[in-house]
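These notes are about the structure you will find just below.
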Amino acid sequence: MHEPGGPDTETKPLPSTPTSTPSSRIHSPPKHSLFRLCHSLASVVMHPIDFCTTGMFIIDDIYPSPSAPDQTPFLNIPGGAGTYSALGARVLSPSPQSKRVGWLVDAGHDFPSLLREIIDSWDTAILLRSRDGLTTKGWNGYGANEHRAFKYLTPKLRITAEDLSPELLTAKSFHLICAPARCIELVEGIKTRRAELGQSLEEPLFIWEPVPDLCVPAELDNTIKALEHVDIISPNHAELSDIFSVVGNTESGDVDGQVIEDCSSKLLSGLSASRASKVSVVVRSGKDGCYVASASKRAWLPAFHAPTPDKVVDPTGGGNGFLGGLAIGLVRTGDVVEASKWGNVAASFMIEQVGVPVLQTEGGKERWNGVVVEERMKEYSMRCETEGSR
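Number 280 in full-length UniProt numbering belongs to position 280 of the sequence shown; there are no gaps in the numbering.
Have a look at this one:
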């Protein structure tokens, strides 16, 4: 494996670069050196924010598996949980709805101009701030036995409630990726700052993505405490089974549906009476789709690419993208099962390439990876109706 940035490294071009054809819209990069909001504070009422993530933007260097025939790395790829969750919401929000998707990017003095063009082409409600020092950067590769590995190459800058602009604070939903204790801190901080705005705002939805390192039995009590503050918890199937120290896969390697259902029920059973009917567990299960559990609903939904696994190029960002789509779907439909369908469709675009999906506009319609999202949504909804949930 090449060392990052080594002199003998041939790099691939960004796979997500907007093409310079008349069908592609590329907006000018931000003009302000300190930060840029796509909307003024005065436009909050006119253009409300449906979604905001507290996940980070990271510039990724992605190195292939040692067994891959092509060892050429992808460098300077937009990544991070914040980026992919915002994109998950964005693919389901064609312009001008794109302006309802909020997120925050801290750009160091090394921030590539090409990435600014790509981000700006998404036309979202982004808060882009200049940062002293280097942009947060990550190395994605493989360790022993070809296990995927990640490490930070530069210091990370965590996003707090204090970092959110007044506009982003008005969001109808928030994506949180953090430990249980920090989840509670973020929810309380966001609510406090929203109250300080002096506006009449409905209670927002909080979608919590627990961090893998703390999905352990020792954190079960803290996880239940955090559940009292959110509307949805969404671990993947391995993280959920790890919380209860059980095996979440069958001997053949498939997700053990019964184990996932039992663990989800255990989480819900720990809730107080006042929250029991308001919290859902949505378990992301890779090629096996997702499982949705609440006080009144239980459903398995298939992954969009289950019939076409060859379309899956890199699963990076699929889970984060799912949650952005889920949040937007929940805001716009109010139904957690329907919203999870939105999440599965959003995730499908994240995993079709290394890096982020490509946006183009043709004939007045947006296309992501050459596909009209509305058409994919219809296809998936019909499949769910035909196959049913299990």
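Ideal placement from N, C-alpha and C gives every residue a C-beta, glycine not left out.
All values reported here derive from a predicted model rather than from experimental measurement.
- [ ] Would you tell me roughly how many angstroms separate the C-alpha atoms of R193 and S252, rounded to the nearest one?
- [x] In the sequence shown, residue 193 corresponds to position 193, counting from 1. In the sequence shown, residue 252 corresponds to position 252, counting from 1. Rounded to whole angstroms, R193 and S252 show a C-alpha spacing of 49 Å.
- [ ] At 3 residues or longer, and completely inside the UniProt domain "Carbohydrate kinase PfkB" (222-356): list those beta strand (DSSP E) runs for me, N to C.
- [x] Segments of the beta strand (DSSP E) lying fully in the UniProt domain "Carbohydrate kinase PfkB" (222-356): 280-284, 290-293 and 298-301.
- [ ] In the DSSP assignment, find the alpha helix (DSSP H) that holds V372 and state where it starts and stops.
- [x] On the sequence shown, position 372 is the one that residue 372 refers to. Where V372 is concerned, there is no enclosing alpha helix (DSSP H), because DSSP gives it neither an H nor an E.
Open item on the list: Per DSSP, what are the beta-bridge partners of P78 in this structure?
Closed with: On the sequence shown, residue 78 is found 78 positions in, with the first residue counted as 1. In DSSP, P78 forms a bridge with I59.
Task: Cβ distance (whole Å) where C178 is taken to contact L168 below 8 Å - done: Within the sequence shown, numbered from 1, the residue matching residue 178 stands at position 178. Within the sequence shown, numbered from 1, the residue matching residue 168 stands at position 168. The beta carbons of C178 and L168 sit about 17 Å from each other, so the pair does not count as a contact at 8 Å.
Open item on the list: So the candidates are Y63, R275 and A89; which of them puts its Cα closest to the Cα of W342?
Closed with: Along the sequence shown, one-based indexing puts residue 342 at 342. When only C-alpha atoms are compared, the closest one is A89.
Task: A181 - containing alpha helix (DSSP H), residue span - done: Working through the sequence shown from its first residue, we reach residue 181 at position 181. Where A181 is concerned, the enclosing alpha helix (DSSP H) stretches over P180 to E196.
Open item on the list: Can you confirm whether the segment 206-221 touches the segment 232-239 when touching is taken to mean that 3 or more C-beta pairs between the two stretches lie within less than 8 Å?
Closed with: The segment 232-239 makes contact with the segment 206-221; the number of CB pairs closer than 8 Å reaches 3 or more.
Open item on the list: Please give me, in chain order, every unbroken run of the alpha helix (DSSP H) with length at least 4 that falls completely inside the segment 69-149.
Closed with: Taking only runs of at least 4 residues, the alpha helix (DSSP H) segments lying wholly in the segment 69-149 are 81-91 and 113-121.
Open item on the list: If contact is defined by three or more beta carbon pairs under 8 Å, each pair taking one atom from either stretch, is the segment 319-338 in contact with the segment 365-372?
Closed with: With the rule of 3 Cβ pairs closer than 8 Å, the segment 365-372 does not count as touching the segment 319-338.
Open item on the list: Do D242 and C263 count as a contact pair if the criterion is CB distance below 7 Å?
Closed with: Here the question's residue 263 lines up with position 263 in the sequence shown. Here the question's residue 242 lines up with position 242 in the sequence shown. The answer is no: Cβ separation not under 7 Å.
Task: Reduced DSSP secondary structure (H/G/I, E/B, other) of T170 - done: Counting from 1 along the sequence shown, the entry for residue 170 is found at position 170. In this structure, T170 counts as coil in the three-state DSSP scheme.
- [ ] Would you give the residue range spanned by the beta strand (DSSP E) that I207 belongs to?
- [x] Taking the first residue of the sequence shown as position 1, residue 207 is located at position 207. It spans L205 to P210 - the beta strand (DSSP E) in which I207 sits, taken as one unbroken run.
Task: T170 versus I49: straight-line alpha-carbon distance, rounded - done: If you number the sequence shown from 1, residue 170 lands on position 170. If you number the sequence shown from 1, residue 49 lands on position 49. Distance between the alpha carbons of T170 and I49 is about 6 Å.
TODO: Could you tell me the distance, in whole angstroms, from the CA atom of D163 to the CA atom of S277?
DONE: Counting from 1 along the sequence shown, the entry for residue 163 is found at position 163. Counting from 1 along the sequence shown, the entry for residue 277 is found at position 277. Spanning the two alpha carbons is a distance of roughly 32 Å.
Task: With 16 other Cβ atoms within 10 Å as the buried cut-off, status of K297 - done: Along the sequence shown, one-based indexing puts residue 297 at 297. Exposed, since its Cβ has fewer than 16 Cβ neighbours within 10 Å.
- [ ] Would you give the residue range spanned by the beta strand (DSSP E) that R367 belongs to?
- [x] For the purposes of this step, residue 367 is taken as residue 367 along the sequence shown, with counting starting at 1. For R367, the enclosing beta strand (DSSP E) has its first and last residue at K365 to W368.
Task: Alpha carbon of L301 to alpha carbon of F349, nearest angstrom - done: Here the question's residue 301 lines up with position 301 in the sequence shown. Here the question's residue 349 lines up with position 349 in the sequence shown. Distance from the CA atom of L301 to the CA atom of F349, rounded to whole angstroms, is 17 Å.
Task: From E385, L267, A107 and C183, residue whose alpha carbon lies closest to that of K137 - done: Working through the sequence shown from its first residue, we reach residue 137 at position 137. Nearest option by C-alpha distance: A107.
Task: C-beta contact flag for S294 and V259 at 7 Å - done: Counting from 1 along the sequence shown, the entry for residue 294 is found at position 294. Counting from 1 along the sequence shown, the entry for residue 259 is found at position 259. Taking a C-beta distance under 7 Å as the contact criterion, S294 and V259 do not qualify as a contact pair.
Open item on the list: Taking CB distances under 7 Å as the criterion, tell me whether V373 reaches chain C.
Closed with: Absent from the structure: chain C. Only one protein chain is present.
Open item on the list: How far does the beta strand (DSSP E) with C52 in it extend, from its first residue to its last?
Closed with: Stepping through the sequence shown from its first residue, residue 52 is reached at position 52. C52 -> beta strand (DSSP E) spans F51 to T53.
Task: Contact belief for G92 with V312 at Cβ below 8 Å, rounded distance in angstroms - done: Residue numbering aside, residue 92 sits at position 92 when the sequence shown is read from its first letter. Residue numbering aside, residue 312 sits at position 312 when the sequence shown is read from its first letter. The question names Gly, but residue 92 in the sequence shown is Leu. The Cβ separation is near 20 Å, so there is no contact.
Task: K156 (DSSP reduced to helix, strand or coil) - done: For the purposes of this step, residue 156 is taken as the residue at position 156 of the sequence shown. Secondary structure of K156 (DSSP, three-state): coil.
- [ ] Answer yes if the segment 60-72 comes into contact with the segment 123-135, meaning at least three C-beta pairs across the two stretches below 8 Å, and no otherwise.
- [x] No, because fewer than three Cβ pairs between the segment 123-135 and the segment 60-72 fall closer than 8 Å, the two stretches do not touch.
Open item on the list: Determine whether the beta carbon atoms of H175 and L323 lie at a separation below 7 Å.
Closed with: Numbered from its first residue, the sequence shown carries residue 175 at position 175. Numbered from its first residue, the sequence shown carries residue 323 at position 323. Their beta carbons are under 7 Å apart, which means H175 touches L323 by this criterion.
Open item on the list: Can you give me the C-alpha to C-alpha distance between S245 and E362, rounded to a whole angstrom?
Closed with: Counting from 1 along the sequence shown, the entry for residue 245 is found at position 245. Counting from 1 along the sequence shown, the entry for residue 362 is found at position 362. The C-alpha of E362 is placed about 50 Å away from the C-alpha of S245.
- [ ] From the DSSP output, read off the bridge partner residues of Q199.
- [x] Within the sequence shown, numbered from 1, the residue matching residue 199 stands at position 199. Beta-bridge partners of Q199 (DSSP): none assigned.
- [ ] Between the Cα of G286 and those of E239, W103, A195 and L271, spot the shortest distance and give me the residue it belongs to.
- [x] Stepping through the sequence shown from its first residue, residue 286 is reached at position 286. Comparing Cα-Cα distances from G286 to each of E239, W103, A195 and L271, the minimum goes to E239.
Task: Unbroken beta strand (DSSP E) run spanning E362, endpoints - done: Against the sequence shown, residue 362 aligns to sequence position 362. Segment L359 to E362, the beta strand (DSSP E) holding E362.
Task: For V279 and S265, the rounded distance between their alpha carbons - done: Counted from its first residue, the sequence shown places residue 265 at position 265. Counted from its first residue, the sequence shown places residue 279 at position 279. Computed Cα separation, rounded: 12 Å.
Open item on the list: What does DSSP give as the partner residue(s) for L176 in the beta ladder?
Closed with: Here the question's residue 176 lines up with position 176 in the sequence shown. DSSP, once it has assigned bridges, lists W208 as partnering L176.
Task: For D288, the nearest candidate out of K156, N140, D120 and A303 (CA to CA) - done: The residue you call residue 288 lines up with position 288 of the sequence shown. Ranking K156, N140, D120 and A303 by Cα distance to D288 puts A303 first.
Task: Rounded C-alpha distance that separates I58 from A161 - done: As a working mapping, residue 58 is identified with position 58 in the sequence shown. As a working mapping, residue 161 is identified with position 161 in the sequence shown. Going from the Cα of I58 to the Cα of A161 covers about 19 Å.
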